[in-house]
Structures are given as C-alpha cells and as structure tokens.
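I have placed the structure first, in the form of structure tokens, so that the comments after it can refer back to it.
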Amino acid sequence: MRPGRNAVPLSEHEQRLFDQIERSLAEDPKFASAVRANDPRFHARRRILVAAFMIIIGLALLVFGTASSNALLAVGGFVVMLGSAAFAMQSRRKVNAPDLHAVGGTATRRTRQTRKAGFIDRLEDRWRQRPEGHR
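full-length UniProt numbering puts the last residue of the sequence shown at 135; the count rises by one with no breaks.
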C-alpha cells in the first residue's frame, strides 16, 4: 500500500509507539544495513547500474572497433551492449515488480499470464464498448 492511499490514521498511543520504534531502528546502523542487504530491490538497482556501465563499455568497444576497422571488436561491443540492455531491463522489472503477495494464507507470485489475461480482458471490453457505427 502506498502512503496516502486508503491510509488509516493511527491513535496517539500507536503513533508514539511507532515513533519510538522508528527512533530505535534509526540508531541501529547494523539493522539498517541488514535490511538493505536483504531487499531485492536494492540488488536490482545495483544490477541496473552495472548494466549501464557495461552498456558504456560496449559502446566504447563498438566505436573503437569501427574506428580501427576491426569488425570482430565492433560486433563484440554491440553484443555487450545488447546483453547489458537486456540485463538492465530484466533488473528494472524486478525493481518495479511487487514482491510476494499473501493470498488466502499462501504466498504467490504475480505471473505474466495474469497480466496478459488482464490485457486481453481490457481489449475485449474496449471491443464491446466501441461505437455502434464501427461494426
């Protein structure tokens, strides 16, 4: 749930407890680093940065290979760029993808099939709701 969306205000007692917990956690850098180390989004962001760096290296290899008339080096640079871009896109999906959701007491992952079914359903709804003159 995002802050500000369907948020329920805390009572004064809950707010004080929350503030106390927040202060105690802020004072413990070991805990903060442990939480950050276990966050998959943190690792995905780091992979995106590595992929961006590799894209730049691939571009440099491509330019250098082209300038020196070395086709193998230019093709290698292009392959490095392409692979790094695919790696970055995959990591970006992991950053934006929701983590595990509890459904009926079990943890499930959202799959592509559910997203495709939603897309197909929206297309079918648009088809049914189009103006009468376009049939």
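Heads up, the beta-carbon is just placed ideally off N, CA and C, and yes, glycines get one too.
Check: Can you look up residue 15 in the DSSP assignment and give me helix, strand or coil?; Outcome: helix
Check: What does a CB cutoff of less than 7 Å around residue 73 pick up in its chain, not counting 5 residues either side in sequence?; Outcome: 61, 64 and 65
Check: Check the C-beta distance from residue 51 over to residue 91 and give it rounded, since I have them as a contact under 8 Å.; Outcome: 6 Å
Check: Would you please state the rounded distance, in angstroms, between the beta carbons of residue 84 and residue 58? I believe it to be under 8 Å.; Outcome: 6 Å
Check: To which residues of the same chain is residue 54 closer than 7 Å at the C-beta, ignoring the five residues directly before and after it?; Outcome: 80 and 84
Check: Restricting to runs no shorter than 3 residues, where is the beta strand (DSSP E) found entirely within the segment 65 to 93?; Outcome: none
Check: Kindly indicate which residue of 30, 88 and 122 has the alpha-carbon position closest to the one of residue 56.; Outcome: 88
Check: For residue 46, name the three-state secondary structure that DSSP assigns.; Outcome: helix
Check: Rounded to whole angstroms, what is the Cα-Cα separation between residue 9 and residue 23?; Outcome: 20 Å
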